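A.B. asks: Let me begin by handing over the structure; questions about it come next.
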Amino acid sequence: MLSINYNPIGQNSVNQIGQSQQGIQSVMQKLTSGSRLNSAADDVAGSSMASRMRVQSNSLQTSVDNAGMGVNLVSTMDSALKETEALLTRMTKLAEMSATGAYSTQDRQKMDQEFQSLLAELDRNAFSASYNGINLLNKEGDTGAKAVFDIDISGGITVAGAGSFDFDVEDGQGNTVSVSTAFVAGEKLTADEVISRINADIGVAGANAVASLNSQGQIVIENNDRGTDGTNPNNITVTASPVEFGTSTVAAGADGFSDTVISVGSSGNSYDNIFLRNYDMSIAGLGVSGLTLQDSTNIGATQSALSIALDKVTEARSHYGSAQTRMEYAQENLLQVKSATDNSLSKLQDTDYAAATMQLAQEKVKSQASQAMLSQSNSMAEEVVGLLR
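Put into structure tokens, the structure is as follows:
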């Protein structure tokens, strides 16, 4: 149909030109920004996924940094412990020399002078070794007690025998608060109900502690009162009247202690944390305070005390060494996970330049073709004039 009032072909060409121009603008924005997700409208689901993956990537990088700082911290502590070990080794040698009857009293006095200076250096080393203000060798700083009870209640429990779950919480000033949670034989409880009941009784007793459930399904009771110097290593203790949870029983005397926590994950779960124990490597903590080589009749006790002190240092170095190995493996694993996450994020949000340039060429050809058709449609009105002649 020929008409001078409406030109459907021309209108369609105009619409096509508009769509082609929008397509060209969209592709050029992707090419200039390097990202195919410049707004949520570009890909609603993809934009949401990209946001979550960016957060995950940033969290992984933080975990990598945390693990690296943890390795540095442990390495610093191990260096200090190595020096402590060397000092104790020299002191042991002096004690062995002093035990020999070939040395005179004057000789022992000179040996004791060196021995006492080494004792002073032990104390200085314990109190001065630190990383970013954190010292793990003298029990100072932000410390607290945590008791972990080996009872898997993650799937809920049935109380096998009536009794109460009793424990004492000691605050930083040495005051003790007793907490008791009663259970009735045969009652069935979920893990959350057990934890809630214990926390309720903690609140009633006025203890500054909190019960929770770790990733292994174990009851964890943590003392939040760290005191002024944090020198109370075992201030949560299960007392009398153990209660039977199915086949498991909490025995009196269970306790635990964890101090510095290195977080190597972003899930918030306990298995993302590596606990570093505090050790007292001062002469008091090592049990060598007051030792002397001048008393030849007591050299055997001195040698025994030095041997026990060396065992403590060996235990501490083993603990830190295993923690360092775990953190190094965790750091490597986190780096690999972050690399895979970043690769997936790149595939999701980055511009594919080969596909984008091809799309740009297509949109330009469509725009040019639409413009040519618009020109042709405009000339169709002249055919109406021809019919009127």
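Residue numbers (the working numbering): 8 to 396.
Every residue, glycine too, gets a C-beta built ideally from N, C-alpha and C.
Small disclaimer: the values here were computed from a predicted structure and weren't measured.
Per DSSP, Thr-183 forms a beta bridge with which residues?
C.D. replies: Glu-177
A.B. asks: Whose C-alpha, out of Val-184, Val-191, Val-227, Glu-194, is nearest the C-alpha of Val-212?
C.D. replies: It is worth fixing the name first, because residue 212 is Ala in this sequence and not Val. When only C-alpha atoms are compared, the closest one is Val-184.
A.B. asks: I'd like the list of long-range same chain contacts for Thr-125, defined as Cβ closer than 7 Å, with 5 residues on each side in sequence excluded.
C.D. replies: What sits at residue 125 in the sequence shown is Leu, not Thr. Exclusion of the five residues before and after Leu-125 leaves Leu-94, Arg-97, Met-98 as the residues of its chain whose Cβ lies within less than 7 Å of its Cβ.
A.B. asks: Using only the alpha-carbon positions, how far apart do Asn-65 and Glu-92 sit?
C.D. replies: 40 Å
A.B. asks: What span of residues does the alpha helix (DSSP H) with Asn-73 cover, start to end?
C.D. replies: Note, Asn-73: alpha helix (DSSP H), 51-105.
A.B. asks: Label Thr-358 either buried or exposed according to how many other C-beta atoms from any shown protein chain fall within 10 Å of its C-beta, with 16 as the threshold for buried.
C.D. replies: When all chains shown are included, Thr-358 counts as buried.
A.B. asks: Per DSSP, which one or two residues make a beta bridge with Asp-357?
C.D. replies: Ser-42
A.B. asks: Going by DSSP in three states, Asp-302 sits in which element: helix, strand or coil?
C.D. replies: coil
A.B. asks: Would you check if the stretch 362-370 and the stretch 26-40 touch, i.e. whether three or more CB-CB distances between them fall below 8 Å?
C.D. replies: yes
A.B. asks: Near Gln-23, which residues of its chain fall below 6 Å by C-beta distance, leaving aside the five closest residues on each side in sequence?
C.D. replies: Ser-377
A.B. asks: Check Ala-312 in the structure and name its three-state DSSP category.
C.D. replies: helix
A.B. asks: Taking Ser-296 as the reference, give the member of Phe-122, Ala-207, Asn-139 with the closest Cα.
C.D. replies: Phe-122
A.B. asks: Is the Cβ-Cβ distance between Asp-208 and Val-191 less than 7 Å?
C.D. replies: no
A.B. asks: Tell me whether Ser-346 sits in a helix, a strand or coil according to DSSP, three-state version.
C.D. replies: helix
A.B. asks: Which value, in whole angstroms, describes the spacing of the CA atoms of Ala-258 and Phe-172?
C.D. replies: Bear in mind that a pLDDT of 40 at Ala-258, under 50, signals an unreliable position, so the number given afterwards is only what the model happens to contain. Whole-angstrom Cα-Cα distance: 9 Å.
A.B. asks: By a C-beta neighbour count over all protein chains shown, 10 Å radius and 16 as the cutoff for buried, is Val-372 buried or exposed?
C.D. replies: exposed
A.B. asks: In chain order, what residues of the same chain lie with their CB nearer than 8 Å to the CB of Ser-386, ignoring the 5 residues before and after it?
C.D. replies: none
A.B. asks: With Ala-74 and Gln-343 assumed to form a contact (beta carbons below 8 Å), what rounded beta-carbon distance in angstroms separates them?
C.D. replies: Between Gln-343 and Ala-74 the Cβ distance is about 13 Å, and since that is not below 8 Å, they are no contact.
A.B. asks: Once the 5 residues before and after Gln-68 are set aside, which same chain residues still bring their CB inside 7 Å of it?
C.D. replies: Lys-345
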